[in-house]
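Residue numbers are given in this note's numbering: position 351 of the sequence shown equals residue 352, and the series is strictly consecutive.
Glycine residues also receive a C-beta, built at the ideal position from the N, C-alpha and C atoms.
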Amino acid sequence: MGKIVQLDDQLSNKIAAGEVVERPASVVKELVENAIDAESSEISIEIEEGGLSKIRIVDNGSGMDEEDCKLAFFRHATSKIKNERDLFQIETLGFRGEALPSIAAVSHLELKTSTGDAAGTYVRIEAGKVAEFKATDSRKGTEMTITGLFYNTPARLKHMKTVHTELANVADVINRQAMAHPDIAFRFFHNGKKLLSTTGNGDLLQVIAAIYGYNTARKMLPLHAETIDFTVTGYAAKPELTRASRQYISLVINGRYIKNFTISKGIQQGYHTLLPIGRYPIVVLHIKMNPTLIDVNVHPSKLEARISKEQDLALAIENAIKGIFKRIELIPEQTLPKKKEPESEQPAFQFQHDRSKVREEAPVQEVKEPEFKTVHSEETAPVTRDFNEPFIVKEELKSDDYETNQSEPETRDELEMAMDYVKETNDSETRIPPLYPIGQMHGTYILAQNENGLYIIDQHAAQERIKYEFYREKVGEIDPVVQELLVPFTLEYNTSESAIIDSRIDDLAKVGVFLESFGRNSYMVSAHPVWFPKGAEQNTIEELIQEVVDNRAIDVKKLREEAAIMMSCKKSIKANRHLRDDEVFTLLETLRQSIDPYTCPHGRPIIIHYSTYEMEKMFKRVM
């Protein structure tokens, strides 16, 4: 007798459920996608105990008639595609016809639906088998109720996480769908408590506010990019608003939320050095393209997709994000912490984004100047002065303190070359307003003012940015003029390191590291570009070689980036270095003319702002 047998439908559906229905969030995703495909304008999702106890989804879509209900729970029965050609131009979220039978196989399922043209239909399914089928009164649309999820698959039930975790997963699915379809009104309840409500008026920014909060939405910037093949719209957060993971990058292609590494990388490249290391932006993008350019039939979850010309798409998004930040001022504004308000009904999953706190290096709030009463007496009369005149508060220092506090002075030529380069190459308008220095704090921070309030500048980060822009250009185009060394030096490596260096020796030359073989596993350096950091030439060369050894897959573009960052940090003004008045003026003026005066190459902020109004509030001068 043969060993191969045909599995019955019930067992087949359970196997399929293992792929399609992983947890309550999977059920919600499949049923919400069905509601969207049915052209619903309102979708209500109610769950209990994280969805493990009950899931109820109600929509006002097209509904199903009696004949459709008879077929809906058979595997591969679908209204989404009719032939093989349709499979390569899918315009709906669902298409396989596996979701309903898979869900019904591992739960108690009840369906009420109507097309609005006749009586509705009621179906009850137990363990994949129809237990009841009858006509019923029902409004147009579909109501699906799932209880006892995984009751007959104890192994799967045992591996479910806590209610809190399952709730977070369900909320994430609903939030993604709400952002993908701002024209649909979503309502989400857990144990009777409303967690999300959107209006369905098509305003994506309102949906972002409902999910991430109003203050986050205020820091989202509109984005638009268009090519022959793609149209991209959406919002990208200001660089000061970051998260600890990439999961806050939401990509929606033709109404479908997907994950794509190449596009996500393009988004991060768009932010470039504006983000601190290990931090990621909040971005929501809607991408429209011809359905033939995307293949979503890759994975049962349909979260992954193959995209034709995805490199072109990623580059278009990268350039669009860079374009946003070139047009706006990015100085973070400090505000006072607000008093805790009484608890009110919160939109969306507060539990989720509390797990990964938003890192706001310097929160921005555009505070409108309200009508207020100025409180002062003769002793506290407001001081007026001309903000166009510098007012220097000098800190008394003993001469010996000044000598010991400042770091080893760099050569004037090196700093002047960087500053001259920034001034000469920036023909566009300055990115920050004129600043008038008033002093220095702890030999680390420059204090400046103008009519808009107080500005605090990190002097090390400021000079890093100026030098970075200089070195980034120099590393990109190696000058044939080199500095010959009177005494060449040699570098030795082990055999495996030498093999890597030999394979990348041409790439190293493209960033100014000129190596000559000098015996087994040894290299001689007899020259370097004239613009290498003075006094740190050998150290710079060694670090660049080590970068290649440690990260052998690094490409030339990334290596140039690392080289520029490395050189900009070397011998920039360190903390506890007291600057002369002319040095402060020159540094601030050059910073104003740099391409990106807001963050250092590592993504740390250079400048923060306290508005005059916030200062007045701190001193109780306004009410």
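- CA-to-CA, the gap between E47 and I433 works out to about 49 Å.
- Judged by DSSP in its simplified three-state form, R244 adopts strand.
- Taken in chain order, the whole alpha helix (DSSP H) runs of length 4 or more contained in the stretch 465-513 are 496-504 and 506-510.
- Distance check between G201 and each of N192, A179, N216 and P530 places A179 closest, using alpha-carbon atoms only.
- Between I607 and Y614 the beta-carbon gap is near 23 Å, outside 8 Å, which marks them as no contact.
- 8 Å or more divides the Cβ of V488 from the Cβ of P530.
- In this structure, A100 sits away from N153, with a CB-CB distance that is not shorter than 8 Å.
- When secondary structure is reduced to three states using DSSP, M221 falls in the strand class.
- Residue pairing of E517 in beta bridges, as defined by DSSP: M525.
- P25 places its beta carbon less than 8 Å from that of I56.
- Looking at the backbone, the Cα of Q547 and that of Y213 are separated by about 42 Å.
- With a cutoff of 8 Å on beta-carbon distance, D508 and V557 are scored as near each other.
- M161 has its alpha-carbon roughly 12 Å from the corresponding atom of V22.
- Contact check for C70 and V124: beta-carbon distance about 5 Å, within the 8 Å limit, so the pair qualifies.
- Around the beta-carbon of E241, 16 or more other beta-carbon atoms lie within 10 Å, marking it buried.
- The continuous beta strand (DSSP E) containing R57 extends over residues K55 to D60.
- DSSP, reduced to helix, strand and coil, places F187 within a strand of the structure shown.
- Note on geometry: alpha-carbon atoms of E465 and P602 lie some 7 Å from one another.
- Counting C-beta pairs with one atom in each stretch, the stretch 113-122 and the stretch 163-171 have fewer than three that are closer than 8 Å, which means they do not touch.
- By the Cβ neighbour-count rule, F75 is exposed, with fewer than 16 other Cβ atoms within 10 Å of its own.
- DSSP places H109 in the strand class (E or B) of the three-state scheme.
- With a 10 Å radius around the Cβ and a threshold of 16 neighbouring Cβ atoms, M619 comes out exposed.
- Within the same chain, Cβ atoms closer than 8 Å to the Cβ of I506 are found at L516, the five residues on either side in sequence being excluded.
- In the DSSP secondary-structure assignment, T600 is bridged to P606.
- Only residues of its own chain outside the window of five on either side were considered, and among them V174 have a CB closer than 6 Å to the CB of K30, listed in chain order.
- When only Cα atoms are considered, Y469 and Q270 end up about 17 Å apart.
- Annotation for I542: V514, V526 and H529 place their beta carbon closer than 7 Å to its own, counting only its chain and skipping 5 residues before and after.
- G193 and E50 have their C-alpha atoms spaced approximately 11 Å apart.
- Under DSSP, E227 shares a beta bridge with T232.
- By the C-beta density criterion, L205 is buried, having at least 16 other C-beta atoms within 10 angstroms.
- In the DSSP assignment, E50 falls outside any beta strand (DSSP E) and carries neither an H nor an E.
- Annotation: the continuous alpha helix (DSSP H) that includes A211 extends over L205 to Y213.
- The three-state secondary structure of N153, taken from DSSP, is coil.
- In the displayed model, E40 falls within coil according to three-state DSSP, outside both helix and strand.
- The three-state reading of DSSP puts T146 in strand, counting E and B together.
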